[in-house]
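**Student:** This is the structure I have questions about; it appears just below.
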Amino acid sequence: MSTPTFTDTIDENHADAIERATADLAIEHWIDGRSSADGETFETVDPAVADPITTVARGDADDIDSAVAAARSAFDEEWRETTPQERSQYVHEWTAELRDHLDELTLLESLDTGKPLAYARDELTEALEQFEYYAAVAQAHEGSQLPQGADNHVYTRSEPYGVAGQILPWNYPLSLFGWKTGAALSAGNTVVCKPSEEAPLSITRAAQLSENILPDGVLNVVNGYGEEAGAALTDHAGVDKLSFTGSVPVGREVMAAGADQITPVTLELGGKSPYVVFPDADIEQAAETSASGIFYNTGQSCDACSRILVHEDVHDEFVDAFVETAEAWEPGDPLADGTTMGPLTFDDQHEKVSNYVDVGREEGAELILGGDGSAGIESDDGYFFEPTVFDDVDNDMRIAQEEIFGPVQCIITFADYEEAIELANDVEYGLASGVATQDASTAHRAAAEIEAGSVWINEYHGGGVGIPFGGYKASGIGRECGKDTLDEYTRTKSVNVALDDPLS
Ligand code: NAD
5 MSTPTFTDTI
15 DENHADAIER
25 ATADLAIEHW
35 IDGRSSADGE
45 TFETVDPAVA
55 DPITTVARGD
65 ADDIDSAVAA
75 ARSAFDEEWR
85 ETTPQERSQY
95 VHEWTAELRD
105 HLDELTLLES
115 LDTGKPLAYA
125 RDELTEALEQ
135 FEYYAAVAQA
145 HEGSQLPQGA
155 DNHVYTRSEP
165 YGVAGQILPW
175 NYPLSLFGWK
185 TGAALSAGNT
195 VVCKPSEEAP
205 LSITRAAQLS
215 ENILPDGVLN
225 VVNGYGEEAG
235 AALTDHAGVD
245 KLSFTGSVPV
255 GREVMAAGAD
265 QITPVTLELG
275 GKSPYVVFPD
285 ADIEQAAETS
295 ASGIFYNTGQ
305 SCDACSRILV
315 HEDVHDEFVD
325 AFVETAEAWE
335 PGDPLADGTT
345 MGPLTFDDQH
355 EKVSNYVDVG
365 REEGAELILG
375 GDGSAGIESD
385 DGYFFEPTVF
395 DDVDNDMRIA
405 QEEIFGPVQC
415 IITFADYEEA
425 IELANDVEYG
435 LASGVATQDA
445 STAHRAAAEI
455 EAGSVWINEY
465 HGGGVGIPFG
475 GYKASGIGRE
485 CGKDTLDEYT
495 RTKSVNVALD
505 DPLS
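Going by the working numbering, the first residue of the sequence shown is number 5, and it counts up by one from there.
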């Protein structure tokens, strides 16, 4: 008998897992407290084996109409009258139900995106913490009283918009659902969510698990393609607030649609975030931190540090350390214990990343690690890609300016502090950044001068519950994850009451 190859094992593992995960699963829309679908479907694919997982309802403008109508009725008839405490109880009860189904949701997320199981679980746990955070802080979100003298009583009310339309990407499906839906619902809005067509499973299942917990119509999910269901949602006159996470080109379209209806828009877009290694940095630590900053989630993170700017004096030492660390990020079966890097999430992603490796070579950057689109895994299936490192990158090259969204690192050298800051800011994006230094003044000066919504000093991916996250420049508008996010889902009303003379 021959020894099973990696391919045999992974195929068997995944066939079993898909059967288990989908035995009782119907991925339709979730509208007005029930599943609905009218026939048209598409498939979602497991990227580790390139096999279909299940079919998904393909929504269109009619489904969006139904979802917006359900969300509107739920807002007008019930949700707008609830107190923050009542909404908090609803959200907590739903979160407890999601926590009871953590294993099921984790498996769906891993199969749908290719995330290693352990990471999928951590991300889902954080999503639940986001729900709980918003349910808690929304209770302290309040208006104010404005002193205007004895003859007037002036106060502000913080009121929800009504129906929030939320469009999500595929790279952190349930996490970002926690960011957006947790805030919108807790602030008193009802929601119509359009998950990515590439990763709809966990969100749809989470919505199903709100059955008999959230009032019907408070949370609605319409599956489908961006140009169909997504555009119908952004164009819909019944949507009072739009929140979009995804690419810059689609973000522009969403913003234009918002402009037509004068609908406020939150945009969380892409990045080309720098990680700056100053000459006094702890080089080992900087290498490990910046490796996880790019290779976590197979490089498919909006805030991935996809450009390393390293001082010329420590370039060689840093590159040696970085390559050694990068080699440890070995692609493997996302369902197997110990895997740190799964496949890219779908075929076009794989092609896009491969193309960028060709572009880097043609532009004259030096490929010093990886570049192999099959990641050495002997399979025609599965969208694996090995950790890839380009040295000698010029910041003007396309690989340094464009979001590759894969496990590809670009190393750029600088000569002094001023050049480091100039290079860090010389991209259209401004989402995140990292700084490695042991000097407090350098750290704080750089933090002030880098144009990005987040600066992480001697760490990377230092976000989390309660810490505002969002972009400068083309990386977006608005903040998520913090208590300010509630302001994105509420509007302020001033009430001015003229006071009569007191009764004598
Ligand atoms: P994408 O822009 O292709 O799609 C995002 C969503 O928009 C999907 O649900 C898609 O169906 C929908 N969509 C597509 N065309 C549409 C249209 N015309 N009208 C309305 N909706 C439409 O992005 P993606 O490939 O899913 O995600 C990757 C991008 O998301 C990257 O650029 C990444 O940096 C960004 N991202 C940003 C953050 C952040 O917080 N800043 C977080 C995660 C991902």
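Positions of the beta carbon are idealized from the N, C-alpha and C atoms, including for glycine.
Take Leu273 as the anchor and find which of Gln413, Asp155, Glu432 and Leu29 has the nearest alpha-carbon.
**Tutor:** For the residues Gln413, Asp155, Glu432 and Leu29, the minimum Cα distance to Leu273 belongs to Glu432.
**Student:** Any beta carbon of chain B sitting closer than 8 angstroms to that of Gln289?
**Tutor:** Among the chains of the structure shown, chain B does not appear; only one protein chain is present.
**Student:** Could you pull the start and end residues of the beta strand (DSSP E) that His96 belongs to?
**Tutor:** Note, His96: premise wrong, no beta strand (DSSP E); alpha helix (DSSP H) at Pro88 to Asp104.
**Student:** Kindly list the residues whose CB is nearer than 7 angstroms to the CB of Asp430, restricted to its own chain and excluding five residues on each side of it in sequence; keep chain order.
**Tutor:** Asn399
**Student:** Taking 7 angstroms as the cut-off, is the beta-carbon of Lys198 closer than that to any non-hydrogen atom of ligand 1?
**Tutor:** yes
**Student:** Specify the secondary structure class of Gln304 as computed by DSSP and reduced to three states.
**Tutor:** Note: Gln304 maps to coil in three-state DSSP.
**Student:** On the three-pair Cβ rule with 8 angstroms, is the segment 362 to 374 touching the segment 391 to 406?
**Tutor:** yes
**Student:** Give me the Cα-Cα distance between Thr58 and Leu180, rounded to the nearest whole angstrom.
**Tutor:** 22 angstroms
**Student:** Would you say the beta carbon of Pro472 is closer than 7 angstroms to some non-hydrogen atom of ligand 1?
**Tutor:** Not one heavy atom of ligand 1 falls within 7 angstroms of the beta-carbon of Pro472.
**Student:** State buried or exposed for Asp50, treating a residue as buried only when at least 16 other CB atoms are found within 10 Å of its CB.
**Tutor:** buried
**Student:** As a quick exercise: from Arg62, Gln89, Pro204 and Gly37, pick the residue whose alpha carbon is nearest that of Val195.
**Tutor:** Gly37
**Student:** Indicate, with yes or no, if ligand 1 has a heavy atom lying under 7 angstroms from the CB of Tyr176.
**Tutor:** yes
**Student:** Please list the segments of the beta strand (DSSP E) lying wholly inside the segment 381 to 465, counting only runs of 3 or more residues, in order along the chain.
**Tutor:** 392 to 395, 412 to 418 and 438 to 440
**Student:** Could you compute how far the alpha carbon of Leu503 sits from the alpha carbon of Val72?
**Tutor:** 41 angstroms
**Student:** So, helix, strand or coil for Asp66, using DSSP?
**Tutor:** DSSP, read as helix, strand or coil, puts Asp66 in helix.
**Student:** Excluding the five sequence neighbours on either side, which residues of its own chain have a C-beta within less than 7 angstroms of the C-beta of Tyr159, listed in chain order?
**Tutor:** Gly147, Ser148, Gln149, Leu150 and Val499
**Student:** If you follow the beta strand (DSSP E) that Thr489 is part of, which residue opens it and which one closes it?
**Tutor:** Note, Thr489: premise wrong, no beta strand (DSSP E); alpha helix (DSSP H) at Thr489 to Glu492.
**Student:** Please state the DSSP three-state secondary structure of Asn156.
**Tutor:** Secondary structure at Asn156: strand, using DSSP grouped into helix, strand and coil.
**Student:** Measuring straight from C-alpha to C-alpha, what distance separates Tyr421 and Ala404?
**Tutor:** 19 angstroms
**Student:** Between the beta-carbon of Gly467 and the beta-carbon of Gly434, is there less than 8 angstroms?
**Tutor:** Note that the C-beta distance between Gly467 and Gly434 is not below 8 angstroms.
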